[in-house]
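From first to last, the protein sequence lines stand for chains A and B. Sequential numbering from 1 applies to the first sequence in UniProt numbering. Sequential numbering from 1 applies to the second sequence in UniProt numbering. Note that the Cβ used here is the ideal one computed from N, Cα and C, for glycine as well. Since the structure is predicted, the reported quantities are computational estimates derived from the model, not experimental observations. Written out below as structure tokens is the structure these notes cover.
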Amino acid sequence: MMLPYFPIDLEKSFDELLEYQKKFIRGIDVLLNLKDTESNKTPKELFYKEDKMKVFHYKPLAKKVSKVPTLIIYALVNRQYMMDIQQDRSVIKNLLELGLDLYIIDWGYPTAQDKYVTLEDYIDVYIENTVNEILKRTDSTKLNIIGVCQGGTFSAIYTALNPEKVKNLVTMVTPIDFEAGRMAKDGFLFKWSKDMNVDNLVDAYGVIPGQFLNGGFDFLKPFQLMLNKYVSIVDNLENPDTAANFIRMEKWILDSPDQSGEAFRRFIKELYQENRLIKGTFEIGGRVVDLKNITMPVLSICGDEDHIVPPESTRPFLDYVGSKDKELVSYPIGHIGMYVSSKSHRVIAPKIAEWLLKREK
Amino acid sequence: MSENMDFMGMYFETQRKMFDYWQDLMNVAVTPKDKAQDKNKDSNSDFEENLRPTQEMTKQWFEFNDQYLKNISKVFFPLQFDKIFSGANTYQNLNKIWEDLIKTITGKDSDPITFYNKWIENYQKLLSSNFIFYLPEQVQNFSKKFIEIYSLSTDTSQKFLHPWLEGSQTLQNLLAKSITGDKTAYIEFVKLWNEKFSSTYGKIFNMPIFSMNRELMQKQMHSINASISFINTMSEFFATMAKVSQETFEKIIKDYQEMLVKGNNPKTFKEFYEYWWKQNEAAYHKLFGTDEFSKLISQVMDAGVNFKKEFDSLLENTLKFLPYPTRTDMDSLYRTLDDLKREVRALKKEVILLKEIKANTVTIS
Chain A
1 MMLPYFPIDL
11 EKSFDELLEY
21 QKKFIRGIDV
31 LLNLKDTESN
41 KTPKELFYKE
51 DKMKVFHYKP
61 LAKKVSKVPT
71 LIIYALVNRQ
81 YMMDIQQDRS
91 VIKNLLELGL
101 DLYIIDWGYP
111 TAQDKYVTLE
121 DYIDVYIENT
131 VNEILKRTDS
141 TKLNIIGVCQ
151 GGTFSAIYTA
161 LNPEKVKNLV
171 TMVTPIDFEA
181 GRMAKDGFLF
191 KWSKDMNVDN
201 LVDAYGVIPG
211 QFLNGGFDFL
221 KPFQLMLNKY
231 VSIVDNLENP
241 DTAANFIRME
251 KWILDSPDQS
261 GEAFRRFIKE
271 LYQENRLIKG
281 TFEIGGRVVD
291 LKNITMPVLS
301 ICGDEDHIVP
311 PESTRPFLDY
321 VGSKDKELVS
331 YPIGHIGMYV
341 SSKSHRVIAP
351 KIAEWLLKRE
361 K
Chain B
1 MSENMDFMGM
11 YFETQRKMFD
21 YWQDLMNVAV
31 TPKDKAQDKN
41 KDSNSDFEEN
51 LRPTQEMTKQ
61 WFEFNDQYLK
71 NISKVFFPLQ
81 FDKIFSGANT
91 YQNLNKIWED
101 LIKTITGKDS
111 DPITFYNKWI
121 ENYQKLLSSN
131 FIFYLPEQVQ
141 NFSKKFIEIY
151 SLSTDTSQKF
161 LHPWLEGSQT
171 LQNLLAKSIT
181 GDKTAYIEFV
191 KLWNEKFSST
201 YGKIFNMPIF
211 SMNRELMQKQ
221 MHSINASISF
231 INTMSEFFAT
241 MAKVSQETFE
251 KIIKDYQEML
261 VKGNNPKTFK
271 EFYEYWWKQN
281 EAAYHKLFGT
291 DEFSKLISQV
301 MDAGVNFKKE
311 FDSLLENTLK
321 FLPYPTRTDM
331 DSLYRTLDDL
341 KREVRALKKE
351 VILLKEIKAN
361 TVTIS
């Protein structure tokens, strides 16, 4: 009903407010009665442990399982169970059902005593020992690696240094060209990192608080992530499944481990600020990381709407590797949507499994 | 179930009130023109009459949230509940602004300037109350500590500083201008303040100190100096953020008025809300992409970190007589542990290698 004097639909507006209020109250009732909000439920067992790192081996879910083990290397930022956030949209479960033999690294929660853990420790010790242990116990000579976000950068570095151990490499939403990321329209993290006095930060904190990074991620889209997300969820809170998914996702977002200072210092300084990986001047343990050493098949996946790792920082990767069999796939999806969206379930996980299985022989 | 936990009771009571307000609204809204003619009302008073039930409903809802639901939220998923409540409150506060906006600029004597001046202060509060909540916990705690130490540290010198600030008319004028969002005035204020500070009291903070407590006093001085620097940088940061929100608010009012003339304005509050947050998001994205903002956010971080370092150092100095290890002690221990861990790791490798060599030698022989 439009009022005679004003071009405002007061009746509809009032209806909407009333409806919002009803949904709000019913939603609260639903939230109070939620039972299952857990993630990380796909069956797995502890395979290997070193310091705070744990490696899990998932129980196979397919009749015919790939003979090549596949290791998932997740980022240090946030937690790896994003890949297994809920059973009906679990990337892990999906990949297992499609026949992969999966291992995943859980980096754990660094504490004050981990302030001196370096990138060398992560790549030359933890990843290296994990790979060796998997190869040894599965009697294999090579494995597949799926690297996720920062874990993709680690995977590319590890693979470039140890190409003989990697059969296929998959990188998902992985920053490689940090200068290109800075030029991207939404590459605010890359822009802001450029002027950051990371030495001062690490010297002061030792271990960088996870909430410091979380605050930065929220700040990228302040009104969408700090306000509208919580206003618009009210529309769907009446549905217990939606409410449970919302809580799972919120728990994951807030579950942000602190970062080992020394590793953080080099990652920001030499990659975000100096773009050394692309320039060919990045070193691990005194060895130069040459991306041309990556000669096995490579699949690189990026999200066109990714505001955390803009596709511009991912796309150039394949130009720098030495592989002949290489493929770039992009989806009209954001950073998180890559793992939790229906598209991820229907399209992306099957794409990865199919691509790896095809190259098994 | 206790009275406080009678969720459904309160829910039904709220619904009953909603229904009453809805009836009131319908009674007024169905014949507004006739009523206006009969009573010779102007459009504003008629409109206010139409809006009253909605405003009452909003008020009731607020009370409902504050008195009851927030208590529940402490028990279940507290962080998520807090964020949802915070979002809902901002949504409702924005609704109040919207109601006043349409009332003001659709009335006979449309006066967006008065509206802007009336709401701008509350608008800032509305935004900051929502977003300050999202600062990382450490930053929130840090800010609290910072305020605490700053108050303590400056307590003794407050009498000394106060007349100095009060006596500076220029500073006051610039500060007054800056409150209305004049970023240039604010930056001028900060510069002038820094200038006066460095040439007078700054010297005190850096002068050599001779006494038994020399070290502690020096650290106190450095901590105060770092806190002042942090305040200045934070102030510039918030002024920059506030300027964008104020300009966007102004633009929204202006655009809304134009849309009303053309008839393509958001027809409901929900539509207005969507329009409002997207306009704000776009404005901040424009700011975030600039080199100036990138430098400013780094300066804020650096000033905060510098203050933390000075403050930590002051705390350590204060606590060193107590029988507890300080952070420096622990860092030294962590370093030793880390070195030992690396040594053990290297030795393990050597042992494996030696075992392999030995096994190969045995096989060959």
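- In the DSSP assignment, Glu283 (chain A) forms a beta bridge with A:Val288.
- Distance between His335 (chain A) and Lys167 (chain A), taken at the CA atoms: about 26 angstroms.
- Under the DSSP assignment, Gly261 (chain A) falls outside any beta strand (DSSP E), being part of the alpha helix (DSSP H) whose first and last residues are 261-266.
- DSSP places Ile134 (chain A) in the uninterrupted alpha helix (DSSP H) bounded by 128-138.
- For the segment 164-178 of chain A, no residue has a beta-carbon sitting nearer than 8 angstroms to a beta-carbon of chain B.
- DSSP places Asp29 (chain A) inside the alpha helix (DSSP H), whose first and last residues are 10-32.
- Using a Cβ-Cβ cut-off of 7 angstroms, Glu350 (chain B) does not count as an interface residue toward chain A, since no Cβ of chain A sits closer than that to its own.
- Per DSSP, Gly151 (chain A) is one residue of the alpha helix (DSSP H) stretching across 150-161.
- Collapsing the DSSP output to three states places Pro69 (chain A) in a strand.
- Here Arg265 (chain A) is buried: its Cβ has 16 or more other Cβ atoms, across all protein chains shown, within 10 Å.
- Secondary structure note for Ile247 (chain A): its alpha helix (DSSP H) is the uninterrupted segment 240-254.
- Contact residues of the segment 265-283 of chain B toward chain A are Asn265, Lys267, Thr268, Phe269, Lys270, Tyr273, Trp277, Lys278, Asn280, Glu281 (C-beta to C-beta distance below 8 angstroms).
- Judged by beta-carbon spacing, Asn144 (chain A) lies within the 7 angstroms limit of Val68 (chain A), meaning their Cβ atoms are closer than that value.
- Taking a Cβ-Cβ cut-off of 8 angstroms, the neighbours of Met301 (chain B) in chain A comprise Met196, Asn197, Leu201, given in sequence order.
- Note that the C-beta distance between Ala184 (chain A) and Glu312 (chain A) is below 7 angstroms.
- Within 10 angstroms of the beta-carbon of Arg287 (chain A) lie fewer than 16 other beta-carbons, which makes it exposed.
- Rounded to the nearest whole angstrom, the C-alpha separation of Asn162 (chain A) and Thr295 (chain A) is 11 angstroms.
- Shown in chain order are the members of the segment 92-121 of chain A whose Cβ falls below 7 angstroms from a Cβ of chain B: Ala112, Gln113, Lys115, Tyr116.
- Excluding five sequence positions before and after Phe282 (chain A), the CB atoms of its chain that fall closer than 8 angstroms to its own CB belong to Ile157, Glu270, Leu271, Arg276, Val288, Val289, given in chain order.
- Chain-order list of chain B residues neighbouring Val231 (chain A): Ile84, Gly87, Ala88, Thr90, Tyr91, Tyr273, Trp277, by C-beta distance under 9 angstroms.
- Per DSSP, Phe217 (chain A) is one residue of the alpha helix (DSSP H) stretching across 210-219.
- Residue pairing by DSSP puts Ser330 (chain A) in a beta bridge opposite A:Cys302.
- In the three-state scheme derived from DSSP, where H, G and I count as helix and E and B as strand, Gly147 (chain A) is classed as strand.
- Beta-bridge pairing by DSSP links Glu50 (chain A) to A:Met53.
- Between Gly210 (chain A) and Ser256 (chain A), the gap from beta carbon to beta carbon is short of 7 angstroms.
- In this structure, the CA atom of Ala244 (chain A) is about 10 angstroms from the CA atom of Asn33 (chain A).
- The beta-carbon distance between Val77 (chain A) and Leu213 (chain A), rounded to whole angstroms, is 6 angstroms. This is short enough to meet the 8 angstroms contact definition.
- Scanning its chain for C-beta atoms nearer than 6 angstroms, with the 5 sequence neighbours on each side dropped, one finds around Glu327 (chain A) the residues Leu299, in chain order.
- Listed in chain order, the non-local C-beta contacts of Val340 (chain A) below 6 angstroms within the same chain comprise Ile85, Arg89, local neighbours out to five positions each way being set aside.
- One thing to note: Val55 (chain A) has its Cβ no nearer than 7 angstroms to the Cβ of Tyr109 (chain A).
- Residue contact check for Ala204 (chain A) against chain B: a CB pair falls below 7 angstroms.
- Listed along the chain, the chain B residues whose CB falls inside 7 angstroms of the CB of Leu76 (chain A) amount to none; the nearest CB is some 17 angstroms away.
- Annotation for Thr314 (chain A): the continuous alpha helix (DSSP H) segment containing it runs 311-314.
- Distance from the CA atom of Asp255 (chain B) to the CA atom of Trp98 (chain B), rounded to whole angstroms, is 14 angstroms.
- With a 10 Å radius around the Cβ and a threshold of 16 neighbouring Cβ atoms, Leu353 (chain B) comes out exposed.
- Neighbours of Ser294 (chain B) in chain A, taken as residues at a C-beta separation under 7 angstroms, are given in chain order as Lys191, Trp192, Lys194, Asp195.
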